[in-house]
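Line by line, the protein sequences are chains C and H. Basically the working numbering = 1-based index in the first sequence + 238. Basically the working numbering = 1-based index in the second sequence + 2. Glycine included, C-beta positions come from ideal geometry on N, C-alpha and C. Notes for the one structure printed next.
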Amino acid sequence: DTAVSQTPKYLVTQMGNDKSIKCEQNLGHDTMYWYKQDSKKFLKIMFSYNNKELIINETVPNRFSPKSPDKAHLNLHINSLELGDSAVYFCASSSSYSGRARYEQYFGPGTRLTVT
Amino acid sequence: AQSVTQLGSHVSVSEGALVLLRCNYSSSVPPYLFWYVQYPNQGLQLLLKYTTGATLVKGINGFEAEFKKSETSFHLTKPSAHMSDAAEYFCAVSARQLTFGSGTQLTVLP
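Written out as structure tokens, the structure reads:
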């Protein structure tokens, strides 16, 4: 009964390649997020989608492109991978209808991306 | 604008001792405050949250936190540490979006 799932869990690739990470949630939430966690464990939001619409787009290189085919899925495509993209990427979800709980986010297990 | 400062990137306690992880926040609007825990190679799990109402909030695994508006603090405590509490702990504040602190690595010594 995984609430927020991500695939793959580990991704090792070479510089210049293009890769995608997939995220799915079965919580019935309408908002999904991508976070990047660097080697020092610092968490930074990258994107947020509400009902398939982009609502948060932090300063992220254009090589990163999120896509939300429906409310339950948010994928992250990365073009021309660079060494600095190595990190753990977390997907999260929340419900904008939950009143006080609307900022409570549920996280996936993470995807560890290593660029060589 | 909002921000979170976690004092102490590493905290070590002995098993059975008090756990105190410090968090101070800044927010231009009344904040919602959260503590998340991250075990090795896992995602973040919500420990507890403060939205409104009672300023002392209880969470899972025996943790609690107290919201002190005058001190802009939301420190996390647990009366007696257990080996299984060893993890990374993140404080977060939310006004329009969730902003995380830099995390505190808790080590529990036998």
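Check, Outcome
"Looking only at its chain, what residues have a beta carbon closer than 6 Å to the beta carbon of H/Lys51, apart from the 5 residues adjacent to it on each side?", "Phe36"
"CA-CA distance, C/Ile259 and C/Ser277?", "19 Å"
"Let me know if H/His84 comes out buried or exposed under the rule of 16 or more other beta-carbons within 10 Å of its beta-carbon.", "exposed"
"Quick one: Cα of C/Val298 to Cα of H/Glu17, how far?", "42 Å"
"Quick check on this structure: which residue in H/Tyr91, H/Ser75 and H/Ala88 has the alpha carbon closest to the alpha carbon of H/Pro32?", "H/Ser75"
"Please report the straight-line C-alpha distance between C/Lys305 and H/Ala3, rounded to a whole angstrom.", "28 Å"
"So is H/Leu49 in contact with chain C if we call contact Cβ pairs under 8 Å?", "no"
"Could you check if C/Gly322 is buried or exposed, using at least 16 other CB atoms within 10 Å of its CB as the buried criterion?", "exposed"
"Name the DSSP bridge partner or partners of C/Asn295?", "C/Phe285"
"Measuring CB to CB, does C/Ile316 end up less than 8 Å from C/Asp268?", "no"
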